[in-house]
Amino acid sequence: MKEAKNVVVRLEGRAFVFEVDISEEDLIAEMISSLSLFIKRGFPIKVIQTSAPSMGRSQSMWTRILTSIKELADWVDDLKRLVRIHKGRT
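Position 22 (the sequence shown) corresponds to 32 in our numbering; numbering is contiguous.
Structure, rendered in structure tokens:
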């Protein structure tokens, strides 16, 4: 049997938050790719992304509405770059 993946689920107010270590790239990819089902059915996905460096600098935040599979793929590429940056800082 393979090693278990660590997934933390938090309920914060009206939010349901999954927390996964950034080293779990395959798990993250599967979770994000499931959003494509909603986009294919015509439901746009509003993404609010926050990022904070591990050294305690200021946090960044942006919002994007994904309406196509191409936009989802572009966002995934952006996330991969961000993960590489964060991994380099730890």
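Ideal Cβ positions, reconstructed from N, Cα and C, are used throughout, including at glycine. Please read all numbers here as calculations on a predicted model, not as lab measurements.
Terminal residues of the beta strand (DSSP E) in which residue i lies
i     : result
Ser70 : 70-76
Lys56 : 55-61
Start and end residues, alpha helix (DSSP H) containing residue i
i      : result
Ala114 : Coverage of the chain is limited to positions 11 through 100, which leaves residue 114 absent and any answer about it impossible.
Inter-residue CB distance, residue i and residue j (contact presumed, cutoff 8 Å)
i     : j     : result
Asp36 : Asn16 : Not really, about 13 Å apart at Cβ, beyond 8 Å.
Ile49 : Ser78 : 7 Å
Three-state class that DSSP yields for residue i in the structure shown
i     : result
Lys97 : helix
Buried versus exposed, by CB contacts within 10 Å (16 or more), residue i
i     : result
Leu21 : exposed
Leu47 : exposed
Beta-bridge pairing of residue i - partner residues as DSSP gives them
i     : result
Ala25 : Glu22
Val86 : Beta-bridge pairing links Val86 to no other residue.
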